[in-house]
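Structure first, then comments.
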Amino acid sequence: MVQTGETLQERSKGKDVRTSNIVAAKAVANAVRTSLGPRGMDKLMQMPDGEVLISNDGATILSKMNVLHPAAKMLVELSQSQDIEAGDGTTTVVVVAGALLDACSTLLSKGIHPTAIASSFMKAADIATAAMTEMSRPVDLNNRDALISAVNTCLSSKVVSQNSDLLAPIAVDSVLGLLGDGRDAATNVDLRDIRMVEQMGGTIDDTELVDGLVFNKGSTKSAGGPSQVPNAKIALIQFCLSAPKTDMDNNVVVSDYAAMDRILRDERKYILGQCKKIKKSGANVVLIQKSILR
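Going by numbering that gives the first Met the number 0, the sequence shown runs without a break in its numbering and finishes at 293.
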């Protein structure tokens, strides 16, 4: 009798865990379901720091949610994986996963074993993959109009859908610019090479694609420096343009004014030597990663 009771208790516990996982995953799917498609509604979210975010992108919404349940976290990771691999369909995959789990709960209530359900889903996935592969067609990266049309479809459900005529060509041209001449053999692109710089003021219509490097901060004209340098020769420096210092803290005690003057003179001489080397290279624009005269 004791052994039978323990078995029944363990079976009941396993059933409760499966039910809890399905309920948690369905809750996440229902949270983003209303933002699916061109008629989907935007979600207004308030961040812990008080910032307000409006979006209908599934990956963005789920990444801002504080999800604790392990099964619900898997749906958040599913949306993020879809965003990384395809860049679109982040809401769709979550809604489809929620619908499949809803069907699982119906099958489990009929007494079908979970292993049989899982194996059937694997077979269904193989059949769906074969059907989609058969109806698919390769992407021609030289057909710019077709690529812009595909991007317009992706933007149709976003907040900026009314500006898709401006943003779609910019998105396509920026990615094609990374591929260069070897676009026929390209299979992937690193989107980290594309930087979006946001500026206060203006509208979306002021958005433009710059084939080069853009800084958040403009040039300072008050010091009398140039605001434009044609045919620039740029030097990239990853060290401090200042006198050297040791890695550990130390104190230098100078009791003689002449010794202090000699230390300052040597520091100026060292910095002047650095500047002369930069000038000798022929560079007329210097980009320094670290500080100047720290």
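Note that the Cβ used here is the ideal one computed from N, Cα and C, for glycine as well. Here the structure is a predicted model, which is why all the values come from computation and not from measurement.
Legend entry - Coil, strand or helix - V51 by DSSP: DSSP places V51 in strand when its eight states are reduced to three.
Inset, instruction - Specify, as a first and last residue, the run of the beta strand (DSSP E) that Q237 falls within. - result: Per DSSP, Q237 belongs to no beta strand (DSSP E) and is neither H nor E.
Inset, instruction - Please go through the same chain and pick out, in chain order, the residues whose beta-carbon is closer than 8 Å to the beta-carbon of L177, but skip the five residues on each side of it. - result: Here the set comprises V188, D189, D192 and I193.
Inset, instruction - In the DSSP assignment, find the unbroken alpha helix (DSSP H) run with V369 in it and report its ends. - result: With the chain running from 0 to 293 in the structure shown, residue 369 is simply not present.
Legend entry - Among K216, V150 and A234, nearest to S226 - alpha-carbon criterion: The residue among K216, V150 and A234 with its C-alpha nearest the C-alpha of S226 is K216.
Inset, instruction - Look at the alpha carbon of I21 and the alpha carbon of M40, and state the distance between them as a whole number of angstroms. - result: The C-alpha of M40 is placed about 25 Å away from the C-alpha of I21.
Legend entry - For S148, the nearest candidate out of V171, I126 and M131 (CA to CA): Measuring from the Cα of S148, the nearest candidate turns out to be V171.
Legend entry - Residue(s) in a DSSP beta bridge with I233: DSSP output for I233 lists V284 as bridge partner(s).
Inset, instruction - Return the CA-CA distance between E5 and S155, expressed in angstroms with no decimal places. - result: Here E5 scores only 46 on pLDDT, less than 50, and its place in the model is too uncertain to base an answer on.
Inset, instruction - Using a threshold of 7 Å, state whether the C-beta atoms of R182 and L212 are closer than that. - result: For R182 and L212, no; Cβs fall outside 7 Å.
Legend entry - Own chain partners of V94 with C-beta closer than 6 Å, once the 5 adjacent residues on each side are dropped: Counting only Cβ-Cβ distances below 6 Å, and skipping sequence neighbours, we find A28, R32 and L35.
Inset, instruction - Report buried or exposed for Q161, applying the criterion of at least 16 other Cβ atoms within 10 angstroms of its Cβ. - result: So Q161 counts as exposed.
Legend entry - Straight-line Cα distance separating Q198 from G49: Distance from the CA of G49 to the CA of Q198, rounded to the nearest whole angstrom, comes to 21 Å.
Inset, instruction - Determine, using beta carbons only, whether A30 and A71 come nearer to each other than 7 Å. - result: Their beta carbons are not under 7 Å apart, which means A30 does not touch A71 by this criterion.
Inset, instruction - Could you tell me whether the segment 278-286 touches the segment 242-256, using the rule of 3 or more Cβ pairs below 8 Å? - result: No, the segment 278-286 does not touch the segment 242-256.
Inset, instruction - Flag this pair as yes or no: are the beta carbons of A58 and Q79 separated by less than 7 Å? - result: Yes, the pair counts as a contact, with Cβ atoms nearer than the cut-off.
Legend entry - Exposed unless 16 or more other CB atoms sit within 10 angstroms - verdict on Q81: Taking all protein chains in view, the Cβ of Q81 is crowded by 16 or more other Cβ atoms within 10 Å, so the residue is classified as buried.
Legend entry - CB of L208 within 7 Å of CB of I169, strictly: For the 7 Å CB-CB criterion, L208 and I169 form a contact.
Inset, instruction - Out of D87, A130, D180 and Q273, state which residue places its alpha-carbon closest to the alpha-carbon of T152. - result: Measuring from the Cα of T152, the nearest candidate turns out to be D87.
Legend entry - N- and C-terminal bounds of the alpha helix (DSSP H) containing K122: Per DSSP, K122 belongs to the alpha helix (DSSP H) from P113 to M134.
Legend entry - Nearest neighbour of L146, chosen from S290, V251 and D164 [CA to CA]: Selected option, being the one with the closest Cα: D164.
Inset, instruction - Please list, in chain order, all residues of the same chain as A185 whose beta carbon is under 6 Å from its beta carbon, the five residues on each side excluded. - result: Correct list, in chain order: L178.
Inset, instruction - Give me the Cα-Cα distance between I287 and K276, rounded to the nearest whole angstrom. - result: Cα-Cα distance, rounded: 14 Å.
Legend entry - In DSSP terms, what M259 is bridged to: The partner list for M259 (beta bridge, DSSP) is empty, contrary to what the question assumes.
Legend entry - Other residues of its chain near K63: CB distance less than 8 Å, five sequence neighbours each side excluded: Excluding positions up to five away in sequence, the list reads M44, M46 and L52.
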